[in-house]
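Just add 1 to wherever you are in the sequence shown, counting from 1, and you've got this note's numbering.
Cβ coordinates follow ideal geometry from the N, Cα and C atoms, glycine included.
Reviewing the structure listed below.
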Amino acid sequence: MSTQPDSDNTLKAPLMYWPAAGGDITTDEPRQYDMRGSDRYAPDGLERVNTTIRDARAATDVGIFTSGFDLFDHPSQVKDFSEHSAIMSVYYEECRTLARALTGAECAFTYDHLIREPDRQVSGGGTDGQTRITGGAQGGGYVGSVHMDYTTHTTWEDYLAVHGEHPPSNPKRVLVLNFWRGVSEVVDDYPLAVCDARTVRAEDLFETVVFGYGADNYSWHDLGIETYNVKASSRQHWYYYPRMCASELLVFKTFDSEGVIGRACPHAAFTNPLACADAPPRRSIELRVLCYVL
């Protein structure tokens, strides 16, 4: 776990939310849109809401199995994150190893990573082990809309089958952790905000199934991925880790078979009003590890 700072960098910044008058999962069926056609990644009608985002380094009650997120001092042996073969051979195993340690899982799978840069992303791994570059129309760049990666309807059989794998029989618990690391010198502007999972309710959420996200070799591209759009609520508690460095790793839960709502974290990038004017553009890598506790 990372150390705490001497000062509190709590701030207010706008996040992009599902509209308050929009549907929610207590009353409405999921919708679908397909980015392989003309549909846009960002749903229309999002609302900008000025949101208090607390300094997570000053928090005392956060953790993977409480708030749904935590920060770790966890340097990688990969020194150049433009070397995608090193990411797939070294970094994937580093994240799987940490995922097993955090969850107690005997089986851990990961196949894709995304490197986000201004207005574009580099997709690596996937169905062919290659890299692709996509722009904003396919979800590249920083994602400012508040969302959750998976829903209570997400299943893993088809995802694993794309890679010739099968889920273990009768697992006690299935979890997915998102491993998020800045690979620029420092993450100052456009950091990632994460919401305390305990402060999210079903009426805050609307389910959307997205086809065609990212590059055509992304594992979920043709399968369709269930996500939650998120409404703003005064009940929600938002956090970020100021000025993350490359040795720090933000880990947050995105799926839990014991329940996604209240256990997994909404998240979004945001413009940081406290960022230095000459802050370098944020460059970050994220990958998700699917964990089976047997």
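Alpha-carbon to alpha-carbon, residue j and residue i
i	j	result
Leu161	Gln33	22 Å
Leu115	Thr28	34 Å
Gln124	Tyr214	First, the residue type needs correcting, since residue 124 is Ser and not Gln in the sequence shown. Between Ser124 and Tyr214, the C-alpha separation is close to 11 Å.
Val294	Pro169	9 Å
Glu48	Arg236	17 Å
Ala100	Trp19	31 Å
His148	Asp205	11 Å
Val187	Asp257	31 Å
Val163	Ser83	25 Å
Val177	His75	19 Å
Thr67	Ala59	16 Å
Val21	Gly46	A quick correction: the sequence has Ala, not Val, at residue 21. If you take the alpha carbons of Ala21 and Gly46, they lie about 10 Å apart.
Ala109	His167	12 Å
Val91	Val211	30 Å
Anticipated Cβ contact below 8 Å, residue i with residue j, distance rounded
i	j	result
Asn273	Ala14	7 Å
Arg182	Ile286	5 Å
Val63	Ala57	6 Å
Gly145	Met17	5 Å
Gly141	Thr132	About 13 Å; that fails the 8 Å criterion.
CB of residue i within 8 Å of CB of residue j, strictly
i	j	result
Ile26	Glu208	yes
Val252	Leu12	no
Ala276	Asp217	no
Pro119	Pro282	yes
Tyr157	Ala194	First, the amino acid is wrong: residue 157 is Trp here, not Tyr. Cβ atoms of Trp157 and Ala194: not closer than 8 Å.
Thr228	Asp113	no
Gly263	Val175	no
Thr111	Val261	no
Phe73	Tyr191	no
Arg284	Val184	yes
Cys292	Ala106	yes
Gln122	Glu95	no
Tyr143	Arg117	yes
Cβ-based burial, residue i [other Cβ within 10 Å; buried from 16]
i	result
Phe180	buried
Ala278	exposed
Ala233	buried
Lys80	exposed
*Counting only runs of 3+ residues fully inside the stretch 165-207, write out the beta strand (DSSP E) ranges in chain order.*
174-183, 193-196
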